[in-house]
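2 protein chains.
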Amino acid sequence: MEEPLIFKKPNFKLAEEIINKAVALKKTVIIIGKCKVNYSGRAKSTLGFGERIVLIKKDGALLIHRPIGYLPINWQPSNCIFQISSNNEELKIKSVRKDVKEEVFIVFSEILLLTVLNLKDEGEFNLYASEEDMKKAIFLKPELIEEGFKIIEFEKKVEPGFIDVYGIDKKGNLVIIEVKRKIAGKEAIMQLMKYINVVSKLTSRSLRGIIAAPKLAKKASKLLETFNIEFKSLNPKVCASIIENEKNKKYSLKEWL
Amino acid sequence: MEEPLIFKKPNFKLAEEIINKAVALKKTVIIIGKCKVNYSGRAKSTLGFGERIVLIKKDGALLIHRPIGYLPINWQPSNCIFQISSNNEELKIKSVRKDVKEEVFIVFSEILLLTVLNLKDEGEFNLYASEEDMKKAIFLKPELIEEGFKIIEFEKKVEPGFIDVYGIDKKGNLVIIEVKRKIAGKEAIMQLMKYINVVSKLTSRSLRGIIAAPKLAKKASKLLETFNIEFKSLNPKVCASIIENEKNKKYSLKEWL
DNA sequence: ATATGCATGTCGCAC
DNA sequence: GTGCGACGTGCATAT
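In the order they appear, the protein sequences are chains W and L. For the first sequence, counting from 1, position 181 maps to 194 in this note's numbering; every step adds exactly one. For the second sequence, counting from 1, position 89 maps to 102 in this note's numbering; every step adds exactly one.
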């Protein structure tokens, strides 16, 4: 790993130079010090002086962290432009977004520690058990929904949006499935009803609506009855393991060929 | 400001001791080094080795930041418990949540920099131009909606939720207003319709539904017509400035008394 | 604990 | 660029 540059209590002029250079060279910067922050854009905020951790990433993301809380108190997403200036009393960092009119303005009255890093991170990231994975699992094993169920189309476009899974049951009824990776609330049912209404206008065949999710919210179960929708319990982790197995199968198949 | 403890390339045993102590004493810890991460809980993820910034806050929040991106690649919200262990080759940090079964497991193969901070942050934070502010502005100036509009109730409870603003127009029609601080989509209209349906069952008076938002989504504008709902453009910043003015008025009033 | 809706949500993807 | 839905969303609030 490349050695970081560490500056303890740099004066503001020096800090300005270092940060400017670091941003230009697309390094990662960590500033620890006492600052106040003003944000203005879609909304507006003010934050009085306090000791914080400020992170500037090489892609132009800005994070201002207080000593507590998971969320940054102020921030800018990636692709920001920075203007840094200083005098004897303070260091000012202004970050503006290229696309939207959003501005974060930081004034440091004290800098305790300034670190410049050149991080190398090629690590692969994989996330399992998403809603996408649940749909894939249904594709691989339509019987997860019920025996004899066949898929006609995925992500079928209908006017107000996309039907997650569109298929036909063994009796020939059309089936519209809304997939949720966590507890399905009324919004899931509303979404499904929307699709059922639209599709029912396009066909005279009988239609079934199914919510496939790990669980159903209590209030949603009442709606279920009134709208005559069905619920199919579907565990995202089970879905993830099905995909995992399938991957292995493919590999063995490939090896066998 | 209290001086931070800075350790360059500490050995794993030392790092373990320091982090353990820091967590126990509710300090803020920053670890910069090469690590891999496994997450498991609602979903599951793996992240290969790479150089990252790991932040442990005194409230038990955990953030793992790659050199790019606004969001942490892995994380835990506040109130986590940490288990730290080490051997000659690696430092392991496991964080589990108290309430939910969620676990993040970090393995460091190299530690470049370990910093322990005792940040003091009493700065006041204020956010303006929220949806709440828009409602307040309507309260202060009902004419923002239209001339002659009078408010009956705020956040009126009806069965499926709360009506943002409930009032009466100069002709005596009941008015139900749904406020949105950004572009109102179909979900806003669905919400409003829900309230209109419920209220229409409770009264025989004529009812008007109004979406008050800075803008209306295109698809939503079609729905607007079909449901015979009105749209009132309302800028959140204008609302914020109305509140600001009102504050000043109160101050002058106070001074005058 | 559960449910519901907001957020400077952010992000990705389709149009 | 805009629109729309997912997210390990987090978070506050009301029941």
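Glycine included, every Cβ here is placed at the ideal spot set by N, Cα and C.
Check: Mind checking Leu-266 of chain L: buried by the 16 CB within 10 Å criterion, or exposed?; Outcome: Only weak support exists for where Leu-266 of chain L lies, its pLDDT of 40 falling under 50; the value from the coordinates is given anyway. Leu-266 of chain L should be labelled exposed.
Check: Got a sec: which bits of the segment 43 to 61 of chain L sit with their beta carbon under 8 Å from any beta carbon on chain W, in order along the chain?; Outcome: Ile-43, Ile-45, Gly-46, Lys-47, Lys-49, Arg-55, Ala-56, Lys-57, Ser-58, Thr-59, Leu-60, Gly-61
Check: Would you kindly check if the distance between the Cβ of Glu-144 of chain L and the Cβ of Lys-193 of chain L is under 9 Å?; Outcome: yes
Check: The alpha helix (DSSP H) with Ile-69 of chain W in it runs from where to where?; Outcome: Unbroken run through Ile-69 of chain W is the beta strand (DSSP E), 57 to 69; no alpha helix (DSSP H).
Check: Per the contact definition of three or more C-beta pairs closer than 8 Å, is the segment 125 to 134 of chain W in contact with the segment 92 to 108 of chain W?; Outcome: no
Check: Is Lys-199 of chain W near Lys-232 of chain W, with beta carbons less than 9 Å apart?; Outcome: yes
Check: Report the residue from W:Asn-33, W:Lys-154, W:Leu-187 whose alpha carbon sits nearest the alpha carbon of Ser-217 of chain W.; Outcome: W:Leu-187
Check: Closer than 8 Å between beta carbons: that is the criterion. Which residues of the segment 123 to 142 of chain W meet it against chain L?; Outcome: Glu-123, Leu-125, Leu-126, Thr-128, Leu-130, Leu-132, Lys-133, Asp-134, Glu-135, Gly-136, Glu-137, Phe-138, Asn-139, Leu-140, Tyr-141, Ala-142
Check: Could you work out which residues of chain L lie near Ala-74 of chain W, taking near to mean beta carbons separated by less than 8 Å?; Outcome: Ile-81, Gly-82, Tyr-83
Check: Round the Cβ separation of Asn-51 of chain L and Phe-118 of chain L to the nearest angstrom and send it over; I've been treating them as touching at under 8 Å.; Outcome: 5 Å
Check: I'd like to know whether the C-beta of Lys-267 of chain L is nearer than 9 Å to at least one C-beta of chain W.; Outcome: The pLDDT assigned to Lys-267 of chain L is 37, lower than 50, so where the model puts this residue is not dependable; a value taken from the coordinates is nonetheless given after this. Taking Cβ atoms only, chain W never reaches closer than 9 Å to Lys-267 of chain L, which makes this a no.
Check: Using a Cβ-Cβ cutoff of 8 Å, what residues of the segment 14 to 46 of chain L are near chain W? List them in chain order.; Outcome: Met-14, Glu-16, Pro-17, Ile-19, Lys-21, Thr-41, Ile-43, Ile-45, Gly-46
Check: With a 10 Å radius around its C-beta and 16 neighbouring C-beta atoms as the bar for buried, classify Gly-180 of chain W as buried or exposed.; Outcome: buried
Check: Runs of 3 residues minimum, wholly inside the segment 185 to 217 of chain L: which ones carry the beta strand (DSSP E) assignment?; Outcome: 187 to 192
Check: Please list the terminal residues of the continuous alpha helix (DSSP H) segment that includes Val-36 of chain W.; Outcome: 25 to 37
Check: Please determine, among W:Met-203, W:Lys-183, W:Ala-142, W:Lys-163, the residue with the shortest C-alpha to C-alpha distance to Gly-54 of chain L.; Outcome: W:Ala-142
Check: Between Gly-174 of chain W and Ala-225 of chain L, what straight-line distance do the alpha-carbon atoms span, to the nearest angstrom?; Outcome: 24 Å
Check: Identify which residue in W:Leu-68, W:Phe-121, W:Glu-64 has its Cα closest to the Cα of Asn-24 of chain W.; Outcome: W:Phe-121
Check: Tell me which same chain residues have a C-beta within less than 7 Å of the C-beta of Leu-236 of chain W, skipping the five on either side of it?; Outcome: Lys-199, Ile-202
Check: Would Cys-48 of chain W pass as a contact of Val-67 of chain W if the rule is Cβ separation under 9 Å?; Outcome: yes
Check: Closest by CA to Phe-244 of chain L, which one among L:Gly-222, L:Val-171, L:Lys-21, L:Lys-154?; Outcome: L:Gly-222
Check: Comparing the C-beta of Lys-247 of chain W with each C-beta of chain L, is any distance below 9 Å?; Outcome: Here residue 247 of chain W turns out to be Leu, not Lys, going by the sequence shown. Not one chain L Cβ lies under 9 Å of Leu-247 of chain W.
Check: Going by C-alpha distance, which of W:Gly-63, W:Gly-61, W:Glu-115 is nearest Leu-75 of chain W?; Outcome: W:Glu-115
Check: Within the same chain, show all residues whose beta-carbon is closer than 7 Å to that of Asp-112 of chain L, passing over the 5 residues directly before and after it, in chain order.; Outcome: none
Check: With a cut-off of 9 Å, does the C-beta of Gly-222 of chain W fall near any C-beta of chain L?; Outcome: no
Check: Locate the beta strand (DSSP E) running through Glu-168 of chain W, then write down its first and last residues.; Outcome: 163 to 171
Check: Using the C-alpha atoms, what's the distance from Lys-70 of chain L back to Ala-253 of chain L?; Outcome: 33 Å
Check: What in chain L is Cβ-close to Lys-195 of chain W, meaning under 8 Å?; Outcome: Arg-55
Check: Beta carbon of Ile-124 of chain L, beta carbon of Ile-45 of chain L: below 9 Å?; Outcome: yes
Check: When you check each C-beta in the segment 202 to 217 of chain W against every C-beta of chain L, which residues fall closer than 9 Å?; Outcome: Met-203, Lys-207
Check: So which of L:Ala-28, L:Glu-29, L:Ala-150 has the shortest CA-CA distance to Val-251 of chain L?; Outcome: L:Ala-150
Check: Name, in chain order, the residues that DSSP records as bridge partners for Gly-222 of chain W.; Outcome: W:Ile-189
Check: Out of curiosity, what's the CA-to-CA distance linking Glu-259 of chain W and Tyr-208 of chain L?; Outcome: 47 Å
Check: Taking DSSP as the reference, what is the three-state secondary structure of Ser-108 of chain W?; Outcome: strand
Check: Leaving out the 5 sequence neighbours to the left and right, which residues in its chain are closer than 7 Å to Asn-248 of chain L when beta-carbon positions are compared?; Outcome: Pro-227
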